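J.: Those protein sequence lines, which keep their order, are chains H and G. Using UniProt numbering, the first residue of the first sequence is number 1, and each one after it goes up by one. Using UniProt numbering, the first residue of the second sequence is number 1, and each one after it goes up by one. The C-beta atom is built at its ideal place from N, Cα and C for all residues, glycine as well. Values in this document were obtained by computation on a predicted structure and should not be read as measured data. The structure's right below; bear with me while I get my questions together.
Number of protein chains: 2
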Amino acid sequence: MQKEITIYDIAKQLELSPATVSRALNDHPAINQNTKTLVANKAMEMGYRSNMFASNLRRQRTKTIGVIVPRLDSAFMSTVLSGMEKVANESSYNLIISQSLESVTKEIANAKTMFDSRVDGLLVSLASDTDNLDHFNTFFRKGIPLILFDRVIAQKNCINIVIDNQKAGYDATIHLINQGCKRILHVTGSLKRNVYADRLRGYKLALLEHGLTGGAELERSTNLTRQDGLDLVNYIKSMAIPPDGLFIASDFCAATCITALKQSGFSVPTDIAVVGFNDDPVSLVIDPGLTTIHYPGQEMGEIAAQSLINHLNGLLRLSTTNTILLNHELVVRGSSQRVVSQSTLP
Amino acid sequence: MQKEITIYDIAKQLELSPATVSRALNDHPAINQNTKTLVANKAMEMGYRSNMFASNLRRQRTKTIGVIVPRLDSAFMSTVLSGMEKVANESSYNLIISQSLESVTKEIANAKTMFDSRVDGLLVSLASDTDNLDHFNTFFRKGIPLILFDRVIAQKNCINIVIDNQKAGYDATIHLINQGCKRILHVTGSLKRNVYADRLRGYKLALLEHGLTGGAELERSTNLTRQDGLDLVNYIKSMAIPPDGLFIASDFCAATCITALKQSGFSVPTDIAVVGFNDDPVSLVIDPGLTTIHYPGQEMGEIAAQSLINHLNGLLRLSTTNTILLNHELVVRGSSQRVVSQSTLP
DNA sequence: TTGTATGCGTTATCAG
DNA sequence: CTGATAACGCATACAA
Numbered sequence: 001m002q003k004e005i006t007i008y009d010i011a012k013q014l015e016l017s018p019a020t021v022s023r024a025l026n027d028h029p030a031i032n033q034n035t036k037t038l039v040a041n042k043a044m045e046m047g048y049r050s051n052m053f054a055s056n057l058r059r060q061r062t063k064t065i066g067v068i069v070p071r072l073d074s075a076f077m078s079t080v081l082s083g084m085e086k087v088a089n090e091s092s093y094n095l096i097i098s099q100s101l102e103s104v105t106k107e108i109a110n111a112k113t114m115f116d117s118r119v120d121g122l123l124v125s126l127a128s129d130t131d132n133l134d135h136f137n138t139f140f141r142k143g144i145p146l147i148l149f150d151r152v153i154a155q156k157n158c159i160n161i162v163i164d165n166q167k168a169g170y171d172a173t174i175h176l177i178n179q180g181c182k183r184i185l186h187v188t189g190s191l192k193r194n195v196y197a198d199r200l201r202g203y204k205l206a207l208l209e210h211g212l213t214g215g216a217e218l219e220r221s222t223n224l225t226r227q228d229g230l231d232l233v234n235y236i237k238s239m240a241i242p243p244d245g246l247f248i249a250s251d252f253c254a255a256t257c258i259t260a261l262k263q264s265g266f267s268v269p270t271d272i273a274v275v276g277f278n279d280d281p282v283s284l285v286i287d288p289g290l291t292t293i294h295y296p297g298q299e300m301g302e303i304a305a306q307s308l309i310n311h312l313n314g315l316l317r318l319s320t321t322n323t324i325l326l327n328h329e330l331v332v333r334g335s336s337q338r339v340v341s342q343s344t345l346p
Numbered sequence: 001m002q003k004e005i006t007i008y009d010i011a012k013q014l015e016l017s018p019a020t021v022s023r024a025l026n027d028h029p030a031i032n033q034n035t036k037t038l039v040a041n042k043a044m045e046m047g048y049r050s051n052m053f054a055s056n057l058r059r060q061r062t063k064t065i066g067v068i069v070p071r072l073d074s075a076f077m078s079t080v081l082s083g084m085e086k087v088a089n090e091s092s093y094n095l096i097i098s099q100s101l102e103s104v105t106k107e108i109a110n111a112k113t114m115f116d117s118r119v120d121g122l123l124v125s126l127a128s129d130t131d132n133l134d135h136f137n138t139f140f141r142k143g144i145p146l147i148l149f150d151r152v153i154a155q156k157n158c159i160n161i162v163i164d165n166q167k168a169g170y171d172a173t174i175h176l177i178n179q180g181c182k183r184i185l186h187v188t189g190s191l192k193r194n195v196y197a198d199r200l201r202g203y204k205l206a207l208l209e210h211g212l213t214g215g216a217e218l219e220r221s222t223n224l225t226r227q228d229g230l231d232l233v234n235y236i237k238s239m240a241i242p243p244d245g246l247f248i249a250s251d252f253c254a255a256t257c258i259t260a261l262k263q264s265g266f267s268v269p270t271d272i273a274v275v276g277f278n279d280d281p282v283s284l285v286i287d288p289g290l291t292t293i294h295y296p297g298q299e300m301g302e303i304a305a306q307s308l309i310n311h312l313n314g315l316l317r318l319s320t321t322n323t324i325l326l327n328h329e330l331v332v333r334g335s336s337q338r339v340v341s342q343s344t345l346p
């Protein structure tokens, strides 16, 4: 456990002042190039590592970004985090990650921890029952930037990074309609959350435009768990007239349904065509492959982190840009394809 | 952007010394209970938050744990992280998380960042091509504890937290043998990694014990990706005598195989019985359900974090315990069940 | 039980 | 281009 090397030690060895060493290490413009290389070499040789705490204490920033997500153990979220980590790492920011487990209470506690950790900025995707941003007021007051991604609430002082969920819901539904579906059931999550409310809106719009009936019987708000998927299939079996199309706001739940539907004697897509959401890896594994909305997780994470860092560096004014909309894409696979185009065969 | 409150401000208002305030805030035994509550209330009232950097600078610890994992975007890893986050949070430790993307080079860089961030301890799961722990020598030298989990290399100065992969591989194979399989193909990952090497060893042992043949033709080392799964099915189709059992060291790859096998006209489990590894959510979604080795991710994360924290608090001597073995469990589902027990029917 | 004084390692300001 | 010096906010040894 040898003693920690400081800039004083380097200064002494080089017969320079600590100030010069500090400046050299930080590539200060007003320092002789020779001195810089001299210092750099000596630092390396002596095994110097800068003390972030002293530095952070002196400057007033932490080079740390706080991230609060609903759940860590979701395929989509891991992709997002992966993107954030990549960008943060490149700009030598650290990430402090915590999960709200879909509970506002926990989210509030997390926010407090982040505040006490003096994060330079915050990246948040809201819990399913969060309905205001009051717990981030301490941040707003201090001018600490907050970026919401995916699950957001629009508010003037923070960037939102989302896809156009309404359009995506619309696209998914139109696709089913184009496959000849007349009776489309939509399964969604908590309608407090923009992502689900917007998808539902898009679904309704598509039905409306095509003169199809919707209504309560065809709109199910659930938690999108595996069990919800199984329950749904039972519900379908109980219906007088079962649906011929299924738009489910989560791939995992959709995949569960496909398996359960098949086991119940329905044929997918012939009896019931299915579209999911997220392009989770599972959509490629099941048979038939799941048609879904591709949703750029990695990219969303990268953009969120990059925007925050840009803002922290004064390269982007938060007030200027307010919502960043990422493109989504309908990925058509077997679960919805009724109209098989024979023309592509040799 | 109001001024930050310090212990000096509290001290002034209360006509106490900063030292007393500091001690009161830290629940120092030698402080009057009344003073403590007085200080606590005032701190609350003034909106005081402690400056971790000043504190960390003064003490010699950071209340921060570094985590390096191969990939963030894996179902298993998110579970582990979720467990770590839970425990760390409870003991008010922060987590700094980074990914090696399965590359030693990146892992070395990550280790350096962690070192510079002066983490109090390190939780690491190794990249697939890491074959020594030299890049952690800086930590060992400084006495910073390192705990390896899941993908480990045994070394005297650090705890390993693993499951008994050899036993698990053995169990999986024995199960297939019990289902009547005579020709079992094993698909594994990089043999540099304990997890895969050990599972292979268990597989071989089981074969040996039952006088079954193995050999190169029945051992495939891949990256366990989706594509590897598809390639495997092609390989199987090309075999003179295809296997009647498949033990694949990853559920996701196994699920892909099942789907592809069915599409190629094989019946699972009748023609080929399949066992995976990890109990990934996907194993419940596919049809038939995937028999697999359940692997306590959340628990592994919790135990790893807790052990580290205990060690940091002097409650656990690293040198005493060297390997913590978690239990695994064979979860039997449809993909391997040939011997249907009729007796359970009504 | 409380107060005084000091230093943790940096960086920013000011002066040369 | 470089140096001296003063904070940054806290925790502790020592004193009372």
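(1) Got a sec? Which residues, its chain only, sit under 6 Å from Ile31 (chain H) by beta carbon, not counting five neighbours each side?
(2) Let me know if Arg151 (chain G) comes out buried or exposed under the rule of 16 or more other beta-carbons within 10 Å of its beta-carbon.
(3) Can you find a C-beta in chain G that's less than 8 Å from the C-beta of Leu345 (chain H)?
(4) Who are the near neighbours of Arg226 (chain G) in its chain, counting only those whose CB is closer than 6 Å to its CB and skipping five residues on each side?
(5) Is the CB-CB distance between Glu102 (chain G) and Ser128 (chain G) below 8 Å?
(6) Apart from the five residues just before and just after Leu133 (chain G), which ones in its own chain have a Cβ nearer than 7 Å to its Cβ?
(7) Using the rule of at least 16 other Cβ atoms within 10 Å of the residue's Cβ for burial, across every protein chain shown, is Pro269 (chain H) buried or exposed?
(8) Which residues, in chain order, does the stretch 70-86 of chain G contribute to contact with chain H at a C-beta distance below 8 Å?
(9) Mind checking Ala254 (chain G): buried by the 16 CB within 10 Å criterion, or exposed?
(10) Where are the beta strand (DSSP E) runs, 3 residues long or more, that stay fully inside the stretch 140-188 of chain G, in chain order?
(11) Which residues of chain G have a Cβ atom closer than 8 Å to the Cβ of Gln99 (chain H), listed in chain order?
(12) For Gln306 (chain H), decide whether its Cβ has a neighbour in chain G, counting only Cβ atoms nearer than 8 Å.
(13) When Cβ atoms are compared, which residues of the stretch 211-238 of chain G fall closer than 7 Å to chain H?
(14) So with Cβ pairs under 8 Å, would you call Met1 (chain H) a contact of chain G?
(15) Apart from the five residues just before and just after Arg124 (chain H), which ones in its own chain have a Cβ nearer than 6 Å to its Cβ?
(16) Find the nearest neighbour of Thr104 (chain H) within the set H:Leu205, H:Leu122, H:Thr130, judged by alpha-carbon distance.
(17) Count the other C-beta atoms from every protein chain shown that fall within 10 angstroms of the C-beta of Ile161 (chain G), then say buried if there are 16 or more, exposed otherwise.
(18) Mark Ser341 (chain G) as exposed unless 16 or more other C-beta atoms lie within 10 angstroms of its C-beta, in which case mark it buried.
(19) Should Ile96 (chain G) be flagged as near chain H, meaning a C-beta pair shorter than 8 Å?
(20) Is the separation between the beta-carbon of Ser250 (chain G) and that of Pro288 (chain G) shorter than 8 Å?
(21) Taking the alpha-carbon positions, what's the Leu246 (chain H) to Tyr170 (chain H) distance?
(22) Taking only three categories from DSSP, how would you classify His328 (chain H)?
(23) Check whether the Cβ of Ser267 (chain H) lies closer than 8 Å to any Cβ atom in chain G.
(24) Who are residue 370 (chain G)'s beta bridge partners in DSSP?
(25) Are there 16 or more other CB atoms within 10 angstroms of the CB of Glu107 (chain G), so buried, or fewer, so exposed?
(26) Could you give the distance in angstroms between the alpha-carbon of Asn165 (chain G) and the alpha-carbon of Asn89 (chain G)?
(27) Ignore the nearest five residues each way along the sequence and tell me which others in Val21 (chain G)'s own chain have a CB closer than 6 Å to its CB.
(28) From what residue to what residue does the beta strand (DSSP E) around Gln99 (chain H) run?
(29) Under 7 Å between beta-carbons, which chain H residues line up against Lys262 (chain G)? List them in chain order, please.
(30) Just reading off the beta strand (DSSP E) that Val275 (chain G) is part of, what are its end residues?
(31) Anything in chain G within Cβ reach of Asp150 (chain H), meaning under 7 Å, just list it in chain order.
(32) From the DSSP output, in three-state form, read off His294 (chain H) for me.
(33) Compute the Euclidean distance between the alpha carbons of Thr344 (chain H) and Leu330 (chain H), then round it to the nearest angstrom.
(34) Which whole-angstrom value is the C-beta distance of Ala111 (chain G) and Leu176 (chain G), which I expect to be below 8 Å?
(35) Just checking my contact of Asp244 (chain G) with Lys192 (chain G) at CB under 8 Å: how many whole Å lie between their CB atoms?
(36) Among residues of its own chain, excluding the 5 on either side of Arg220 (chain G), which ones have a beta-carbon nearer than 6 Å to its beta-carbon?
T.: In terms of the structure at hand:
(1) In the first sequence, counting from the first residue as 1, residue 31 (chain H) sits at position 31. Excluding positions up to five away in sequence, the list reads Arg23, Ala24.
(2) Position 151 of the second sequence holds residue 151 (chain G). Answer is buried; the Cβ neighbour count reaches 16.
(3) Walking along the first sequence from the start, residue 345 (chain H) turns up at place 345. Since pLDDT at Leu345 (chain H) reaches only 36, below the 50 mark, its modelled position is unreliable, and the value read off the structure follows with that caveat. Chain G, which has no Cβ nearer than 8 Å to the Cβ of Leu345 (chain H), makes this no.
(4) What you label residue 226 (chain G) is simply residue 226 of the second sequence in a count that begins at 1. Answer for Arg226 (chain G): Thr256, listed in chain order.
(5) Start at 1 with the first residue of the second sequence, and residue 102 (chain G) comes out as number 102. Start at 1 with the first residue of the second sequence, and residue 128 (chain G) comes out as number 128. Yes, the pair counts as a contact, with Cβ atoms nearer than the cut-off.
(6) Within the second sequence, the letter at position 133 stands for residue 133 (chain G). If we look at Leu133 (chain G) and ignore the five residues flanking it on each side, its Cβ neighbours are Ile153, Gln155.
(7) Stepping through the first sequence from its first residue, residue 269 (chain H) is reached at position 269. Under a 10 Å Cβ-count criterion, Pro269 (chain H) is classified as buried, with 16 or more other Cβ atoms of the shown protein chains found around its own Cβ.
(8) Arg71, Leu72, Asp73, Ser74, Ala75, Met77, Ser78, Thr79, Leu81, Ser82, Glu85
(9) Translated into positions along the second sequence, residue 254 (chain G) becomes position 254. It counts as buried.
(10) 146-149, 159-163, 184-188
(11) Stepping through the first sequence from its first residue, residue 99 (chain H) is reached at position 99. Neighbours of Gln99 (chain H) on chain G, chain order: Ser82, Glu85.
(12) Mapped onto the first sequence, residue 306 (chain H) falls at position 306. Cβ-Cβ to chain G under 8 Å: no for Gln306 (chain H).
(13) Arg226
(14) Position 1 of the first sequence holds residue 1 (chain H). With a pLDDT of 47 at Met1 (chain H), under the threshold of 50, the predicted position of this residue should be treated as unreliable, though the coordinate-derived value follows. Met1 (chain H) belongs to the set of residues whose beta carbon lies under 8 Å from a beta carbon in chain G.
(15) Within the first sequence, the letter at position 124 stands for residue 124 (chain H). This sequence places Val at residue 124 (chain H); Arg is not what is there. The beta carbon of Val124 (chain H) is closer than 6 Å to those of Ile68, Leu148 in its chain, skipping five residues each way along the sequence.
(16) By 1-based counting over the first sequence, the position of residue 104 (chain H) is 104. Per the sequence shown, residue 104 (chain H) should be read as Val rather than Thr. Of the listed residues, the one whose Cα sits closest to Val104 (chain H) is H:Thr130.
(17) Along the second sequence, one-based indexing puts residue 161 (chain G) at 161. Per the 10 Å Cβ criterion, buried.
(18) For this step, residue 341 (chain G) is matched to residue 341 along the second sequence. A caution first: Ser341 (chain G) carries a pLDDT of 46, below 50, which makes its placement in the model too unreliable to give a value.
(19) Here residue 96 (chain G) corresponds to residue number 96 of the second sequence, with the count starting at 1. Judged by the 8 Å Cβ criterion, Ile96 (chain G) is in contact with chain H.
(20) As a working note, residue 250 (chain G) is residue 250 in the second sequence. As a working note, residue 288 (chain G) is residue 288 in the second sequence. No. Outside cutoff.
(21) If you number the first sequence from 1, residue 246 (chain H) lands on position 246. If you number the first sequence from 1, residue 170 (chain H) lands on position 170. When rounded, the distance between both Cα atoms is 13 Å.
(22) Translated into the one-based positions of the first sequence, residue 328 (chain H) becomes position 328. Coil, per DSSP.
(23) The residue labelled residue 267 (chain H) in the question sits at position 267 within the first sequence. So no, Ser267 (chain H) is outside the interface.
(24) The structure shown does not extend to residue 370 (chain G), since chain G spans only 1 to 346, so no value can be given for it.
(25) Position 107 of the second sequence, counting from 1, holds the residue named residue 107 (chain G). Glu107 (chain G) should be labelled buried.
(26) Walking along the second sequence from the start, residue 165 (chain G) turns up at place 165. Walking along the second sequence from the start, residue 89 (chain G) turns up at place 89. Approximately 30 Å between the Cα atoms of the pair.
(27) To locate residue 21 (chain G), count along the second sequence from 1; it is residue 21. Cβ neighbours of Val21 (chain G) beyond the five flanking positions: Ile7, Ile10, Ala11, Val39.
(28) Residue mapping note: residue 99 (chain H) aligns to position 99 of the first sequence, counting from 1. Start and end: 94-99.
(29) Locating residue 262 (chain G) in the second sequence gives position 262, counting from the first residue. Per Cβ cutoff of 7 Å: Asp287.
(30) Translated into the one-based positions of the second sequence, residue 275 (chain G) becomes position 275. Unbroken beta strand (DSSP E) run through Val275 (chain G): 273-275.
(31) Position 150 of the first sequence, counted from the first residue, corresponds to residue 150 (chain H). Result: empty, since nearest Cβ-Cβ is about 15 Å, beyond 7 Å.
(32) Position 294 of the first sequence, counted from the first residue, corresponds to residue 294 (chain H). Residue state, collapsed to three classes: strand.
(33) Here residue 344 (chain H) refers to the residue found at position 344 when the first sequence is read from its first residue. Here residue 330 (chain H) refers to the residue found at position 330 when the first sequence is read from its first residue. Only weak support is given to the placement of Thr344 (chain H): the predicted model assigns it a pLDDT of 38, under 50, and the value that follows is read from those uncertain coordinates. Each residue's Cα considered, the two are about 20 Å apart.
(34) Walking along the second sequence from the start, residue 111 (chain G) turns up at place 111. Walking along the second sequence from the start, residue 176 (chain G) turns up at place 176. So it is not a contact: roughly 40 Å between Cβ atoms.
(35) Position 244 of the second sequence, counted from the first residue, corresponds to residue 244 (chain G). Position 192 of the second sequence, counted from the first residue, corresponds to residue 192 (chain G). Their Cβ separation, rounded to whole angstroms, is 30 Å, which puts Asp244 (chain G) and Lys192 (chain G) out of contact at 8 Å.
(36) Mapped onto the second sequence, residue 220 (chain G) falls at position 220. Excluding residues within five positions, the ones whose Cβ falls inside 6 Å are Val187.
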